[in-house]
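S.K.:
Protein chains: 2
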Amino acid sequence: MRTAKLPSFEGGSVWLVGAGPGDPGLLTLHALNGLSQADVVLYDALVDESILALAGPQAACVYAGKRSGDGATQSEITKRMIAFARAGKRVLRLKGGDPFVFGRGGEEALALVSAGIPFRIVPGITAGIGGLAYAGIPATHRDINHVVSFVTGHMAGGDVPDGVNWRALGEASPVIVIYMGLKHIGRLADEIVAAGRSPDEAVAIISNATTERQFVLETTLARARLDAAASGIPGPALIVVGDAVRLRPGLDWLSAALHGRKLDADPLGNARSRKRRAASVP
Amino acid sequence: MRTAKLPSFEGGSVWLVGAGPGDPGLLTLHALNGLSQADVVLYDALVDESILALAGPQAACVYAGKRSGDGATQSEITKRMIAFARAGKRVLRLKGGDPFVFGRGGEEALALVSAGIPFRIVPGITAGIGGLAYAGIPATHRDINHVVSFVTGHMAGGDVPDGVNWRALGEASPVIVIYMGLKHIGRLADEIVAAGRSPDEAVAIISNATTERQFVLETTLARARLDAAASGIPGPALIVVGDAVRLRPGLDWLSAALHGRKLDADPLGNARSRKRRAASVP
Numbered sequence: 009m010r011t012a013k014l015p016s017f018e019g020g021s022v023w024l025v026g027a028g029p030g031d032p033g034l035l036t037l038h039a040l041n042g043l044s045q046a047d048v049v050l051y052d053a054l055v056d057e058s059i060l061a062l063a064g065p066q067a068a069c070v071y072a073g074k075r076s077g078d079g080a081t082q083s084e085i086t087k088r089m090i091a092f093a094r095a096g097k098r099v100l101r102l103k104g105g106d107p108f109v110f111g112r113g114g115e116e117a118l119a120l121v122s123a124g125i126p127f128r129i130v131p132g133i134t135a136g137i138g139g140l141a142y143a144g145i146p147a148t149h150r151d152i153n154h155v156v157s158f159v160t161g162h163m164a165g166g167d168v169p170d171g172v173n174w175r176a177l178g179e180a181s182p183v184i185v186i187y188m189g190l191k192h193i194g195r196l197a198d199e200i201v202a203a204g205r206s207p208d209e210a211v212a213i214i215s216n217a218t219t220e221r222q223f224v225l226e227t228t229l230a231r232a233r234l235d236a237a238a239s240g241i242p243g244p245a246l247i248v249v250g251d252a253v254r255l256r257p258g259l260d261w262l263s264a265a266l267h268g269r270k271l272d273a274d275p276l277g278n279a280r281s282r283k284r285r286a287a288s289v290p
Numbered sequence: 009m010r011t012a013k014l015p016s017f018e019g020g021s022v023w024l025v026g027a028g029p030g031d032p033g034l035l036t037l038h039a040l041n042g043l044s045q046a047d048v049v050l051y052d053a054l055v056d057e058s059i060l061a062l063a064g065p066q067a068a069c070v071y072a073g074k075r076s077g078d079g080a081t082q083s084e085i086t087k088r089m090i091a092f093a094r095a096g097k098r099v100l101r102l103k104g105g106d107p108f109v110f111g112r113g114g115e116e117a118l119a120l121v122s123a124g125i126p127f128r129i130v131p132g133i134t135a136g137i138g139g140l141a142y143a144g145i146p147a148t149h150r151d152i153n154h155v156v157s158f159v160t161g162h163m164a165g166g167d168v169p170d171g172v173n174w175r176a177l178g179e180a181s182p183v184i185v186i187y188m189g190l191k192h193i194g195r196l197a198d199e200i201v202a203a204g205r206s207p208d209e210a211v212a213i214i215s216n217a218t219t220e221r222q223f224v225l226e227t228t229l230a231r232a233r234l235d236a237a238a239s240g241i242p243g244p245a246l247i248v249v250g251d252a253v254r255l256r257p258g259l260d261w262l263s264a265a266l267h268g269r270k271l272d273a274d275p276l277g278n279a280r281s282r283k284r285r286a287a288s289v290p
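Line by line, the protein sequences give chains A and B.
Everything in the first sequence is counted per the numbering used here, starting at 9 for the first residue and increasing by one.
Everything in the second sequence is counted per the numbering used here, starting at 9 for the first residue and increasing by one.
(1) If you draw a straight line from the alpha carbon of A:I145 to that of A:A265, how long is it in whole angstroms?
(2) Pull up the distance between the alpha-carbon of B:T228 and that of A:R284, whole angstroms please.
(3) Hey, out of A:I186, A:M188, A:G171, A:Y187, whose CA is closest to B:A180's CA?
(4) Which of the three DSSP states, helix, strand or coil, is assigned to B:E291?
(5) Starting from the beta carbon of B:T81, find every residue of chain A whose beta carbon is closer than 7 angstroms, and list them in chain order.
(6) Could you check if A:T228 belongs to the surroundings of the ligand MG, using beta carbon to heavy atom distance under 7 angstroms?
(7) Nearest-angstrom Cα distance between A:P182 and B:G161?
(8) Compute the distance between the beta-carbons of B:G105 and B:A135, then report whether it is under 8 angstroms.
(9) Below 7 angstroms CB to CB, which residues in the same chain sit around A:Y142 once its five sequence neighbours on both sides are set aside?
(10) Rounding to the nearest angstrom, what Cα-Cα distance links A:A230 and A:L190 in this structure?
(11) Is there at least one Cβ from chain B nearer than 8 angstroms to A:D260's Cβ?
(12) Under 7 angstroms Cβ-Cβ, which residues of chain B neighbour A:N173?
(13) May I ask you to report which of helix, strand or coil DSSP gives A:A147?
(14) Can you give me the Cβ contacts of B:P257 inside the same chain, cut-off strictly under 6 angstroms, excluding the 5 residues immediately before and after it?
(15) To be precise: take each residue of the stretch 231 to 254 of chain A, compare its Cβ to all Cβ atoms of chain B, and keep it if any distance is under 8 angstroms. Which residues remain?
(16) If you measure from the beta carbon of B:D78 to each beta carbon in chain A, is any gap under 8 angstroms?
(17) Note down the Cα distance separating B:G79 from B:W23, rounded to an integer number of angstroms.
(18) Between the stretch 94 to 117 of chain A and chain B, which residues of the former have CB atoms less than 7 angstroms from a CB of the latter, in chain order?
(19) Is the CB of B:R188 under 8 angstroms away from at least one CB in chain A?
(20) Sorted by chain position, which residues of the same chain lie with C-beta nearer than 6 angstroms to A:G113's C-beta, five sequence neighbours on each side aside?
(21) Leaving out five residues on either side along the sequence, give the residues of the same chain with a beta carbon under 7 angstroms from the beta carbon of B:S44.
(22) In the DSSP assignment, find the alpha helix (DSSP H) that holds A:F17 and state where it starts and stops.
(23) What separation, rounded to the nearest whole angstrom, lies between the Cα atoms of B:R128 and B:P15?
(24) If you count every other CB in all the chains shown that lies within 10 Å of the CB of A:N153, and 16 or more means buried, which is it?
(25) Using a Cβ-Cβ distance cut-off of 8 angstroms, determine whether A:T86 contacts chain B.
(26) Would you call A:E57 buried or exposed, if buried means 16 or more other Cβ atoms sit within 10 Å of its Cβ?
(27) Which whole runs of the beta strand (DSSP E) in the stretch 242 to 290 of chain A are 3 residues long or more, in chain order?
(28) Run down chain B in chain order and give the residues with a C-beta less than 8 angstroms from the C-beta of A:M9.
(29) Using only CA atoms, which one of B:I200, B:L40, B:D198 lies nearest to B:L100?
(30) Using only the alpha-carbon positions, how far apart do A:G30 and B:V159 sit?
(31) Quick check: the Cα distance between B:A123 and B:S206, rounded to an integer number of angstroms?
(32) What residues of chain B sit near A:G138, judged by a beta carbon separation below 7 angstroms?
(33) Under DSSP, the alpha helix (DSSP H) around B:I200 begins and ends at which residues?
(34) Starting from B:V49, find everything on chain A with Cβ-Cβ shorter than 8 angstroms and list it in chain order.
(35) Under three-state DSSP, which class holds A:G240?
(36) Which two residues bound the contiguous alpha helix (DSSP H) that contains B:A135?
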């Protein structure tokens, strides 16, 4: 296999690397190149084991997950990262998804600047795009939306963020993707209905996106809280609100490949309704 | 180097693959695996040559770029894709960025369903996240935004999309990332100011993100049109609006590595203003 020319990982530096949503095939070449050279891999709770298995034999993999609501641990992670780099190690800080999408990568990078440690950002596939794609839901589709918005449903303290203007978001964004919102799904759905969206609007909840444990629940804004509770769907999960979810019967390529799901070429019924209109012309 | 277990590419099927923003190191393992097996690579105008160079020696690379405003060519691309697959080829449809983020991947996939051709979606790093990261601009940052929105500034017909509620978007999303909006930048900036955002708000225009030709222009909403024209910055370009741009002096790791740019650990001046407040206590 041909491969790209990739940079060498200097001792005493840190790479902040996005691991993508879970499937190791969604790692970037930069991420794999970094894992093969790293002396230390400081990894988050959301990183799949199959990805850690790609680190070189020399790498020490160190768990650096945060406990919800524990602000102290973020500064501990930063301190460890800096200590390893000061000891001359190649330090790979591995985060689920993308380090700059609700990943606190900016904060960690600024701490490195403060400590005078060189760093590189390696973007990853964010779950709100790649995780949706594995569920057969496009983040954008020409018939549906020119805007897609990503919002976090969960703060470091465990609560819903209070700075979000849900009314404006509901008006602005036909498709809304909520990260880490499962715990508060009822409240989030209520906010979006209060913004003027129909209670019958389609919602998908995607758990463990792109992994073998991927589970997708289709529901509506009105039923989301009860359906989520009844299904026992586990976190971490993405919530998608909008008509993009209605494309799933056409685009669920993964279920077609794994379970022989028959796909519908006209999931929004556009061609069928054109035919009906044509048929009703006298 | 260890590598992940990756799927084999079946003849007669199509993979819709995101090539990422430009840097070949941002390809996924699935994308490289697909390129190494494909018989035909149907590629878009936005795909960098260094990425095509990674296709296997057996692959025929066929240009399938669209001319702006030419609706016919989209259906020609689809027809060619289907014809190659029906001839039993492994067809890799390669798109800049991510196929489901303003990439018309959903439309092409539904055409494949209609023709009874199996397909796989391979997500890519979208420029609005990965391109920003290479310019030192995080799509989200805890002090700045819990919402980030992506919007297209350019329709198939070449005009600004008319379905966008700019007022609501301006209220909902502290950081707005506009794809393909350079041609209409003055009008887009006016819409965002009319939504109530300050004319002095920071804007970055990122051209040829993540490639060797990457060029970043920092400006404001009020000055964006004139500064873009004066700089002669070429498309394709991303436009980022919001305080995330103000983090660039702290997070521009690429200029630090290539040109020795000295980074500022406190780009928003938070620590400095805390010190000032503390100093003013009698």
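Backbone N, C-alpha and C fix where the C-beta goes; we use that ideal spot for every residue, glycine too.
No experiment lies behind these values; they were computed from the predicted model shown.
M.R.: Once the coordinates are examined:
(1) 16 angstroms
(2) 50 angstroms
(3) A:G171
(4) Past the edges of chain B, shown from 9 to 290, lies residue 291 of chain B, and the structure says nothing about it.
(5) Under the 7 angstroms cutoff, chain A gives no residues; its nearest Cβ is about 15 angstroms from B:T81.
(6) Looking at this structure, you won't find the ligand MG or any other ligand, since it has none at all.
(7) 16 angstroms
(8) yes
(9) A217, T218, Q222, L262
(10) 15 angstroms
(11) no
(12) E179, A180
(13) coil
(14) D272, P275
(15) none
(16) Caution applies to B:D78, whose pLDDT of 47 falls short of 50 and renders its modelled position unreliable; the model cannot decide the point.
(17) Unreliable positioning characterises B:G79 in this predicted model, as indicated by a pLDDT of 46, which lies under 50. The coordinate reading is nonetheless provided below. Cα-Cα distance, rounded: 23 angstroms.
(18) D106, F108, V109, F110, R112, G113, G114, E115, A117
(19) Note on residue identity: the sequence assigns Met, not Arg, to residue 188 of chain B. Chain A, which has no Cβ nearer than 8 angstroms to the Cβ of B:M188, makes this no.
(20) L24, P107
(21) G64
(22) A:F17 -> no alpha helix (DSSP H), and no H or E assigned at all.
(23) 11 angstroms
(24) buried
(25) no
(26) exposed
(27) 245 to 249
(28) L40, N41, S44, G64
(29) B:L40
(30) 26 angstroms
(31) 50 angstroms
(32) P131
(33) 193 to 202
(34) Here the premise fails: no neighbours, minimum Cβ distance about 13 angstroms.
(35) coil
(36) It is not in any alpha helix (DSSP H) - B:A135 carries neither H nor E in the DSSP assignment.
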